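In what follows, a structure is listed as structure tokens, so that the remarks can point back to it.
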Amino acid sequence: MDRECMEFDVVIVGAGPAGLAAACQLAMLNKPAPLLKNEPQSPDIKNNNEPLSICVIEKGAEVGAHILSGAVFETSALDELFPKWHQMSAPISSQVTEDHFLYLTTNQNHVVIPRFLTPNPMLNDKNNHKNYVISLADLCRWLAVQAEELGVEIFPGFAASSISYDQDGRVSGVITSDMGLDKTNQQKPSFEAGIELKAKYTLFAEGARGHLGKELINRFQLDHEAQPQHYALGIKEIWEIPCEYHEEGKVIHATGWPLSETNTCGGSFLYHLADNQVAVGLITDLNYQNPYLSPYDEFQRLKHHPTFARYLRDGQRIAYGARAIAKGGLSSLPKQEFPGGILIGCDAGTLNVAKIKGSHTAMKSGMLAAQAVFDELNSNEPQSEPNYQKHFKQSWLYDELKDTRNFGSGIHKFGHVLGGLLASFEHNIWSSMTKKPVPWTIKDQKYDHDTLHQTNQSYKIDYPKPDGILSFDKASSLFLSGTQHEENQPCHLQLIDQDIPIELHLDLYDEPSQRYCPAGVYEFIREEVRGGNEKQIAKFQINAANCLHCKTCDIKDPSQNIKWQPPEGGGGPNYQNM
Numbered sequence: 001m002d003r004e005c006m007e008f009d010v011v012i013v014g015a016g017p018a019g020l021a022a023a024c025q026l027a028m029l030n031k032p033a034p035l036l037k038n039e040p041q042s043p044d045i046k047n048n049n050e051p052l053s054i055c056v057i058e059k060g061a062e063v064g065a066h067i068l069s070g071a072v073f074e075t076s077a078l079d080e081l082f083p084k085w086h087q088m089s090a091p092i093s094s095q096v097t098e099d100h101f102l103y104l105t106t107n108q109n110h111v112v113i114p115r116f117l118t119p120n121p122m123l124n125d126k127n128n129h130k131n132y133v134i135s136l137a138d139l140c141r142w143l144a145v146q147a148e149e150l151g152v153e154i155f156p157g158f159a160a161s162s163i164s165y166d167q168d169g170r171v172s173g174v175i176t177s178d179m180g181l182d183k184t185n186q187q188k189p190s191f192e193a194g195i196e197l198k199a200k201y202t203l204f205a206e207g208a209r210g211h212l213g214k215e216l217i218n219r220f221q222l223d224h225e226a227q228p229q230h231y232a233l234g235i236k237e238i239w240e241i242p243c244e245y246h247e248e249g250k251v252i253h254a255t256g257w258p259l260s261e262t263n264t265c266g267g268s269f270l271y272h273l274a275d276n277q278v279a280v281g282l283i284t285d286l287n288y289q290n291p292y293l294s295p296y297d298e299f300q301r302l303k304h305h306p307t308f309a310r311y312l313r314d315g316q317r318i319a320y321g322a323r324a325i326a327k328g329g330l331s332s333l334p335k336q337e338f339p340g341g342i343l344i345g346c347d348a349g350t351l352n353v354a355k356i357k358g359s360h361t362a363m364k365s366g367m368l369a370a371q372a373v374f375d376e377l378n379s380n381e382p383q384s385e386p387n388y389q390k391h392f393k394q395s396w397l398y399d400e401l402k403d404t405r406n407f408g409s410g411i412h413k414f415g416h417v418l419g420g421l422l423a424s425f426e427h428n429i430w431s432s433m434t435k436k437p438v439p440w441t442i443k444d445q446k447y448d449h450d451t452l453h454q455t456n457q458s459y460k461i462d463y464p465k466p467d468g469i470l471s472f473d474k475a476s477s478l479f480l481s482g483t484q485h486e487e488n489q490p491c492h493l494q495l496i497d498q499d500i501p502i503e504l505h506l507d508l509y510d511e512p513s514q515r516y517c518p519a520g521v522y523e524f525i526r527e528e529v530r531g532g533n534e535k536q537i538a539k540f541q542i543n544a545a546n547c548l549h550c551k552t553c554d555i556k557d558p559s560q561n562i563k564w565q566p567p568e569g570g571g572g573p574n575y576q577n578m
């Protein structure tokens, strides 16, 4: 197929915090320092008068449309990238004023976790910097403006569907998805072929479980020394609440109920934003065992707990969304560089789960990648593989991830109580006494999709019907996400084997996709066939237009039978302030 081709020095896939920070850093590195009067230009400096061509593509209809995070934001990386961000109208104003850590013992009660038992990385006042409650989508929009002012080209509405390789097997860019194909892959009158974007180096910042990142990890065996990546599903809502209940800057984190009833790890949060708004959410670790568990319905139950209901009951829900989180930490981090590019941010898995924060680490990984690529572009003997690892090992990002490497695996292995106590010992006692990370490493070698028990080993969970006040059905929630897809296009959720959902998963797991999906994408339709022997036939239906692009199906399917691919560019959720 003939395709339009555009060439750049650097192409960045994804306009999240990692991709945009990389773009800004690279553009600023390329700006030559002004010469002093009569100072000769060094012959070793290349491209001093030729700015780098940098392109960022984003599958969302606009920058921020697919961005979702809690988010309590640590400014450490932003302080380095734009030291004067306070004077640059950055959308960061609600400083954390107080934070509380709770253990929900039942659906009515809780205990406050003493601060001496709370691991130090989780405490906002222990980290030598100021934290803020923000909308990460708004921050990304602001970063995009800064990038464009620095000369970066940003193209929203373009999804990278595949990777280009040169004759030596080196990554040479990406190809965007074809537009205007119908459900049978036939061209409609509106058909436009995808564009090949060629680059000297390509940075992949797709977020957790990026489909191109998966391909790169497998092709270059980037994870051969790492433990499996581990994930959680984060579900979040924004509410407007009465001013008398609003305490801007207040942060509540909780663990325990309702997930504790199924021995499932995870946690919940409620953050007081500006303008009488709060963000409420539940994070469910995807190594859960009961196939009848529904993270969406667990979230609906959570909001009835008095800790949350006291703020929400007289409020109005205005936004909903969901996103997978890569939370394996340093032990799950693959090698990030490869011939022709680098994996950055959550595409690699740089989130610091102990801090419950990942935006600052994603940004820093993008900035380090920018430096590694810049070094090669300005080298007299450029290497195919940028030396990201050198910069990473010398950075505070590496130190931070190394220091907290046991947090997630410890809780996976020992549960919230023992795992939490171990984390407190490591960070509050050992590190305080020795000023060094602990010498041991805890690993969890089991993939999240391998943890499901079969139905004959499990019990059904009776979830209450939504009351329309605090809890709601998936359809009304999906409406608040602004999700839209062109209906007549190829299904972007591919089954490797069409028979597995009914022939295997229905009997073994009661097909868990109809519960782990937070958007009602997967469902069974039972049809009666009348005749001599009346019987019911189950039909597996994929409602791809509902997809929130959370990637949970790609992660949790027990047979790894579902392959998530991007739909046409511009489709998916349309988050405004998530």
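Be aware that the sequence shown starts at 1, since it is given in the UniProt record's numbering, and climbs by one per residue.
Heads up, the beta-carbon is just placed ideally off N, CA and C, and yes, glycines get one too.
Computed from a prediction, not measured in an experiment: that's the story for all the values here.
- The three-state reading of DSSP puts H492 in coil, since its state is none of H, G, I, E or B.
- Between S135 and M578, the gap from beta carbon to beta carbon is short of 8 Å.
- Apart from the 5 residues on each side of it in sequence, F82 sits with its Cβ closer than 8 Å to the Cβ of C24, M88, A90 and Q146 in its chain, given in chain order.
- Judged by beta-carbon spacing, P295 lies within the 8 Å limit of L282, meaning their Cβ atoms are closer than that value.
- In the structure shown, H211 adopts helical secondary structure according to DSSP, grouped into three states.
- In the DSSP assignment, R317 forms a beta bridge with W239.
- Within the same chain, and ignoring the five residues on either side of L197 in sequence, the residues whose Cβ sits closer than 6 Å to its Cβ are M6, V11, G173 and V174.
- Within the same chain, Cβ atoms closer than 8 Å to the Cβ of R301 are found at N107, P258, Y463, P464 and S471, the five residues on either side in sequence being excluded.
- Sixteen is the threshold: since fewer than 16 other Cβ atoms of the shown chains lie within 10 Å of the Cβ of F116, the residue is exposed.
- Contact check for G569 and T176: beta-carbon distance about 7 Å, within the 8 Å limit, so the pair qualifies.
- M179 sits in a strand when the DSSP states are folded into three classes.
- Per DSSP, the beta bridge partners of V11 are C55 and T202.
- The beta carbon of H453 sits closer than 8 Å to the beta carbons of Q289, N290 and P291 from its chain, once the five residues preceding and following it are set aside; these are given in chain order.
- By the Cβ test, the segment 63-80 is in contact with the segment 355-367, since at least three Cβ pairs between them sit closer than 8 Å.
- Inclusion of A254 and L104 in the CB contact set at 8 Å is warranted, their separation being smaller than that value.
- Here E50 is exposed, its C-beta having fewer than 16 other C-beta atoms within 10 Å.
- The shortest CA-to-CA distance from T262 to any of L233, L270 and L293 is the one to L293.
- Spatial neighbours of N276 in its own chain (CB-CB distance under 7 Å, excluding positions within 5 residues in sequence) are listed in chain order as E240, I241, C243 and H246.
- By the neighbour-count definition (other C-beta atoms within 10 Å, threshold 16), G420 is a buried residue.
- T284 and K236 have their C-alpha atoms roughly 12 Å apart.
- About 41 Å separates the beta carbons of P339 and G520, which is beyond the 8 Å limit, so they are not a contact pair.
- In the DSSP assignment, S164 is bridged to G173.
- A straight line joining the alpha-carbon of A199 with that of E4 spans about 14 Å.
- Three or more Cβ pairs closer than 8 Å define a contact, and the segment 208-228 meets that threshold against the segment 343-350.
- Taken in chain order, the whole alpha helix (DSSP H) runs of length 4 or more contained in the segment 534-562 are 552-556.
- Under the three-pair Cβ rule at 8 Å, the segment 401-409 does not count as touching the segment 369-382.
- Taking a 10 Å sphere around the C-beta of I429, we find fewer than 16 other C-beta atoms and assign the residue as exposed.
- A contact is defined here as three or more CB-CB pairs under 8 Å, and the segment 546-558 meets this definition with respect to the segment 480-496.
- Within the segment 436-502, the beta strand (DSSP E) runs of at least 3 residues that lie entirely inside it are, in chain order, 493-495.
- A buried status is given to E58, since no fewer than 16 other beta-carbon atoms sit within 10 Å of its beta-carbon.
- Rounded to whole angstroms, the separation of the alpha carbons of D510 and S458 is 11 Å.
- The three-state secondary structure of L401, taken from DSSP, is helix.
- Relative to the Cα of H110, the nearest Cα in the group H505, T307 and V251 belongs to T307.
- Judged by DSSP secondary structure, Q146 falls within the alpha helix (DSSP H) whose first and last residues are L136 to E149.
- Counting only residues of its own chain and dropping the five nearest sequence neighbours on each side, G408 has a CB closer than 7 Å to the CB of H230, K327, G328, G329 and V353.
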